[in-house]
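In this note's numbering, the protein residues as written are 8 to 186.
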């Protein structure tokens, strides 16, 4: 309907995503100095869960729609793309720190309560301009919130099971740049 050539995907469970992360993925995707044009750019594995963003070509999305036969690839769309590094040129937007111990995604009622607490804390201190660094600092400085976050169930366990991975860490945009 809209004939967009570039698609940005942010899922609803990433309600606290920082626009800086989305812009970073777009910068990597649109970098005019790359040897090859990327088909897909996602966040690096070192980002906290909840900052998930992907940019891909319309062509890659259409191929996924028409060729994906695996139920996980049909549901999650981009796994069809990034699990085929020989076919699609994939890149990542790295995080300057290892934030893999943190999560701000909303998958359960407990996650929603945590996100509401994080949002309240960040809005009180930073206003509407808060970002991922502020969320990280909140979790570091507010030990009761960090403790609540660490008590949650294994992250994305149903997705890991569905796509046949061993663990969340084994799947999360683990691909290397394909050139």
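Glycine included, each C-beta is placed from N, C-alpha and C at the ideal position. The model shown is predicted, which means the values in this text are computed figures rather than measured ones.
Residue i to residue j, Cα distance in whole Å?
i: residue 145; j: residue 74; result: 43 Å
i: residue 42; j: residue 96; result: 11 Å
i: residue 140; j: residue 29; result: 14 Å
i: residue 71; j: residue 80; result: 8 Å
i: residue 156; j: residue 122; result: 10 Å
i: residue 85; j: residue 45; result: 13 Å
i: residue 12; j: residue 63; result: 9 Å
i: residue 129; j: residue 35; result: 28 Å
i: residue 120; j: residue 21; result: 14 Å
i: residue 151; j: residue 76; result: 44 Å
i: residue 17; j: residue 40; result: 26 Å
Starting from residue i, follow the alpha helix (DSSP H) in both directions and report where the run begins and ends.
i: residue 16; result: Premise fails: residue 16 lies in the beta strand (DSSP E), 13 to 16, not in any alpha helix (DSSP H).
i: residue 49; result: Premise fails: residue 49 lies in the beta strand (DSSP E), 47 to 50, not in any alpha helix (DSSP H).
i: residue 35; result: 26 to 37
i: residue 132; result: 116 to 133
i: residue 87; result: 86 to 89
Specify, as a first and last residue, the run of the beta strand (DSSP E) that residue i falls within.
i: residue 97; result: 97 to 100
i: residue 63; result: 61 to 64
For residue i, which beta-bridge partners are listed by DSSP?
i: residue 149; result: Looking at the DSSP assignment, residue 149 forms no beta bridge with any residue, so it has no partner.
i: residue 56; result: 110
To the nearest whole angstrom, what separates the beta carbons of residue i and residue j, a pair I think is in contact under 8 Å?
i: residue 61; j: residue 47; result: 7 Å
i: residue 118; j: residue 112; result: 7 Å
- Query: Taking three-plus beta-carbon pairs below 8 Å as touching, is the stretch 55 to 71 in contact with the stretch 102 to 110?
  - Reply: yes
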